[in-house]
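Written below as structure tokens is the structure these notes are about.
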Amino acid sequence: MRDEQPGVAAIEAIYRTKLGQFRRVATGMLGDPQAAQDAVQDGFVRAIKDRGSFRGDGPLEAWVWGCVLNATRTSARRRRPVLDLSQPPPQSDTVETDPDEHVRRLIRQLPERQRFVLFLRYFADLDYGTIAAILGVAPGTVAAALHVAHASVRGALKEDD
Amino acid sequence: MNDERDHVAATLERLYPPVIGGPGWDDVLARLDAEDSPVAVHRERRAHHIPWISRRPLLAPVAAVVAIIVLAAPALAFSPKVRELVGLKSPAYVPHQTLVAKVIRVRFHTPYPRYGPPLVTVTFTVGEAGKAPGTGVPRGSALFVAFVGKTGTQTQLVKAHGSQGRYQATGRAPVGGIENILVGGWINITPKQSPTASKGFWIPVINLYTPE
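Chains as they are written, first to last, in my numbering: chain A, 2 to 162; chain B, 6 to 217.
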């Protein structure tokens, strides 16, 4: 019944073909695979419910990406920090033994837009124009954000070397 | 340049491996049905629109409670215990001999509020050491929490709510962050457990890191 409604089948097709990419981007943004999975599912629920607001002035996939990224933002906002006072406070001179964790931490500290651009470019393999449509910015902004994000990641990798 | 991009791509691949498994399209449809269910729609409507008629029966009891508070406030203000509870007078607490507190969770309501330090809810248990929460805490006891800031300043006591040894208290964090949490209480010490005959104690928190 629901499949006969316009747009739902197309959204389902995007879900079935690109689910891995959606989950990877959301995991990169949230840092928690379980929360990312929930955010993606909620994003698609929102896409189905709000599909009437899709104006068709861009690809449907970009619009669905926008729904999922909004759900990711909402999830990140809901994930309030919990203070663990049973552990000693981290010392500033503490040396991280895991170099991957060091890079992950630096990526987490990047501004939200740079992280979105980085993950959409590498995990979803989207071009600048599509990323710009998803984020509602100019393609030049995407290029600049990606350049800065690249520099940050390269810097972190050089530190590890 | 391309080598560096390949290096970044390889690093991201390693740091964030593909996610396998998990719920599928059926789960999306189930969530959609749950949102569209009559119960969910009714709940959503109630959240956004409460008709005036539904509030009217509440007016009388609310007015009565407000009147009692207004009339009782001057009398309460002169009570030494109330003055201690609201922080006007420092309570003469001593550490409790048998009870210990264990902090289970510290949750920030808004991590970065626009104005002032954030509200924090502390969930904790109180009981005799090595026994179930609630043991040794007689009825009529009242428990409180205070935060110690990183500069050593201590916030006022906030009353905890709960029962059977498990409590929650919500208060404003000190400026600069929380260094430690203090749990205190008025523990009933009379055999008849009269709510008026109690004594104030600090209850040692056994699972917090305390700097040497």
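Glycine included, C-beta positions come from ideal geometry on N, C-alpha and C.
Look at the beta carbons and you see the segment 21 to 31 of chain A touching the segment 108 to 125 of chain A: at least three pairs across the two are nearer than 8 angstroms. In the DSSP annotation of this structure, Ile211 of chain B is not part of any beta strand (DSSP E), being labelled neither H nor E. If you draw a straight line from the Cα of Glu133 of chain B to the Cα of Asp32 of chain B, it comes to about 46 angstroms. Sorting B:Val150, B:Thr158, B:Thr160 and B:Pro179 by C-alpha distance to the C-alpha of Ile208 of chain B places B:Val150 at the top. Annotation: Leu111 of chain A is outside any alpha helix (DSSP H) and is labelled neither H nor E by DSSP. Residue contact with chain A for Ala14 of chain B: present (Cβ-Cβ distance below 8 angstroms to some residue of chain A). For Leu148 of chain B, the beta-bridge partners assigned by DSSP are B:Gly190. No beta strand (DSSP E) of 3 residues or more sits fully in the segment 12 to 68 of chain A. Cβ proximity to chain B below 8 angstroms picks out Gln42, Asp43, Phe45, Val46, Ile49 and Lys50 from the segment 40 to 52 of chain A. Bridge partners of Ile135 of chain A according to DSSP: none are assigned. Taking the C-beta atoms as reference points, Thr160 of chain B is found nearer than 8 angstroms to Gly176 of chain B. Taking 8 angstroms as the cut-off, the beta carbon of Ala48 of chain A is found closer than this to the beta carbon of Cys68 of chain A. In its chain, beyond the 5 residues on either side, Pro179 have a beta carbon closer than 6 angstroms to the beta carbon of Thr158 of chain B.
DSSP, reduced to helix, strand and coil, places Leu162 of chain B outside both helices and strands of the structure shown, so it counts as coil. Taking 8 angstroms as the threshold, the shortest C-beta distance from Gly170 of chain B to chain A does not fall below it. Taking a contact as a CB-CB distance under 8 angstroms, the pair Ile183 of chain B and Gly154 of chain B counts as one, their CB atoms being some 7 angstroms apart.
Between Lys19 of chain A and Leu37 of chain B, the gap from beta carbon to beta carbon reaches 8 angstroms or more.
Ala72 of chain A and Val67 of chain B have their C-alpha atoms spaced approximately 39 angstroms apart. Neighbours of Arg17 of chain A across chain B, judged by C-beta separation under 8 angstroms: Trp30.
Counting only residues of its own chain and dropping the five nearest sequence neighbours on each side, Gly59 of chain A has a CB closer than 7 angstroms to the CB of Ala134.
The C-beta of Ile12 of chain A has 16 or more other C-beta atoms within 10 Å across all chains shown, which makes the residue buried. In this structure, the CA atom of Ala174 of chain B is about 4 angstroms from the CA atom of Ala165 of chain B.
Taking C-beta atoms under 8 angstroms as the contact rule, Pro138 of chain B and Val131 of chain B qualify, at a distance of about 7 angstroms.
For the segment 123 to 138 of chain A, residues whose beta-carbon sits nearer than 8 angstroms to a beta-carbon of chain B comprise Tyr123 and Phe124. Note on His148 of chain A: under 16 other CB atoms within 10 angstroms of its CB, so exposed under the neighbour-count rule. Annotation: Cβ neighbours of Thr28 of chain A in chain B (cutoff 7 angstroms, chain order): Tyr21 and Val24. Its chain contains Ala146 as the residues whose beta carbon lies nearer than 6 angstroms to that of Arg114 of chain A, once the 5 sequence neighbours on both sides are disregarded; these appear in chain order. Assignment of beta-bridge partners to Ala174 of chain B by DSSP yields B:Val127.
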